[in-house]
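Below is one structure, written out as structure tokens, with a few remarks after it.
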Amino acid sequence: MLVTYAQADGKDRETCERILDHLAREGRKLIQYGRGPLQPDLEKAAHAQI
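As structure tokens, then:
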């Protein structure tokens, strides 16, 4: 993806959005997995809220 974005001289907005979306999702995963050991019941509480 970064190659496609670079080849478009940074003007391919769709690829840029995909990259930023991917980074945001991965960041949320890191936060979620990092908090898991601190709050073992967090997943159950989240499912209850949904």
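With full-length UniProt numbering, letter number 33 in the sequence shown gets 33, and the count goes up by one each step, no holes.
The beta carbon of each residue, even a glycine, is placed where N, CA and C say it ideally should be.
Here the structure is a predicted model, which means the values were calculated and not measured.
What three-state label does DSSP hand alanine 8 in the structure shown? Coil, per DSSP.
So leucine 42 and glycine 36 are supposed to be a Cβ contact under 8 angstroms. How far apart are they, rounded? With a contact defined as Cβ atoms closer than 8 angstroms, leucine 42 and glycine 36 qualify at about 7 angstroms.
Pull up the distance between the alpha-carbon of arginine 13 and that of alanine 46, whole angstroms please. Answer to the nearest angstrom: the Cα atoms are 34 angstroms apart.
Measuring only the C-alpha atoms, how far is glycine 10 from cysteine 16? Taking C-alpha positions only, glycine 10 is separated from cysteine 16 by approximately 8 angstroms.
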